[in-house]
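Structure, as structure tokens:
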Amino acid sequence: MAMRRFDPRQAQRGPQIRINQRIRVPEIRVIGDDGEMLGIMQTHEALRRAQEKGLDLVEVNPKADPPVCKILDFGKYKYDEKKKAREAKRKQSVVEIKEIKLRPKTDDHDLEFKTRAAHRFLGAGHKVKFTVRFRGREITHPEKAQEQLDWIVQQCEEIANVEVRPMMEQRTMTLMMAPKPAILQKVAQARAAAEKARQKALQEGRAAPAAA
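In the numbering used here, the protein residues as written are 357 to 568.
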């Protein structure tokens, strides 16, 4: 079976990855295509194993001693990495709005429970929309809903700003809160650290940690 060769034009689009005959070192640590650690072996032997499976030998951690290489389908690997990068970028750019529904007669315990949920959402970088729906004659006492929302604002003021103040739309009063810039910065740093850990795990042939 003829060895599939890496197209050099692929490397021009990003950091160069050594693959197949481009791996010049005599000895490497090898990870099988199923993730199994095959140990240290001569590079030509690892190439032979990759060739027998119709796959590529790809250097995933050149800084290790000896370098770590993995047997895999390089075309599929590049496609999957680009797909993951696009998905990560999409998640970073999309602001999710969480909705918390209330009633004018929401009791204190339930109100505290829902406020804690709002704290979790805001702390994770999401906006939160509070919705109070009125039924029947409840609409004649909007001040009760206003008091609830004012209390929520006080409880969340350390981590969030009011984006849209309480306002009435037909039989619904709404409030929108958004995380403060410092919270968004922490969330971005945490996501960056998680992505770095994921990339390191992939380089070392380990299972990547779950996305944040």
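Idealized CB from N, CA, C, for every residue including glycine.
For residue j and residue i, the rounded distance between their alpha carbons
| i | j | result |
| --- | --- | --- |
| A358 | E437 | Unreliable positioning characterises A358 in this predicted model, as indicated by a pLDDT of 49, which lies under 50. The coordinate reading is nonetheless provided below. When rounded, the distance between both Cα atoms is 26 Å. |
| K432 | T530 | 47 Å |
| L411 | E401 | 14 Å |
| T528 | H475 | 22 Å |
| R365 | E392 | At R365 the pLDDT is 49, less than 50, meaning the model places this residue with poor confidence and gives no usable figure here. |
| E452 | D429 | 35 Å |
| V488 | A516 | 19 Å |
| G370 | E455 | Here the model assigns G370 a pLDDT of 49, short of 50, so the residue's position is not dependable, and the following value carries that caveat. About 41 Å. |
| K500 | R459 | 10 Å |
| P522 | A544 | 29 Å |
| F477 | A546 | 15 Å |
| G388 | I427 | 5 Å |
| K461 | E513 | 23 Å |
| H497 | G481 | 33 Å |
Same chain, Cβ closer than 8 Å to residue i, five either side skipped, listed in chain order
| i | result |
| --- | --- |
| A367 | Note that A367 scores 40 on pLDDT, short of 50, meaning its location in the model is unreliable; the coordinates nonetheless yield the value given after this. Excluding positions up to five away in sequence, the list reads I373. |
| V509 | V518, L531, M533 |
| E383 | I396, M397, Q398, T399, P422 |
Same chain only: Cβ atoms within 6 Å of residue i, ignoring 5 sequence neighbours per side
| i | result |
| --- | --- |
| V424 | R385, V416, N417 |
| V520 | M532 |
Burial state of residue i (16 or more Cβ within 10 Å)
| i | result |
| --- | --- |
| T399 | buried |
| Q526 | exposed |
| R491 | exposed |
| V381 | exposed |
| Q541 | exposed |
| A538 | exposed |
| R554 | buried |
| F469 | exposed |
| A548 | exposed |
| K409 | exposed |
| A557 | exposed |
Range covered by the beta strand (DSSP E) that runs through residue i
| i | result |
| --- | --- |
| P535 | 528 to 535 |
| V509 | V509 -> not in any beta strand (DSSP E); alpha helix (DSSP H) instead, spanning 498 to 512. |
| R489 | 483 to 489 |
| E455 | 453 to 458 |
| K426 | 424 to 428 |
Terminal residues of the alpha helix (DSSP H) in which residue i lies
| i | result |
| --- | --- |
| F477 | 464 to 479 |
| R405 | 399 to 408 |
Bridge-paired residues (DSSP) for residue i
| i | result |
| --- | --- |
| A323 | Since the displayed the chain opens at 357 and closes at 568, residue 323 lies outside it and no answer follows. |
| I373 | BP columns for I373 are empty, so no partner. |
| R385 | I396, V424 |
| E551 | In DSSP, E551 forms no bridge with anything. |
| V414 | I375, K426 |
Cβ neighbours of residue i in the same chain (closer than 7 Å, five flanking residues each side left out)
| i | result |
| --- | --- |
| G479 | I515, I539 |
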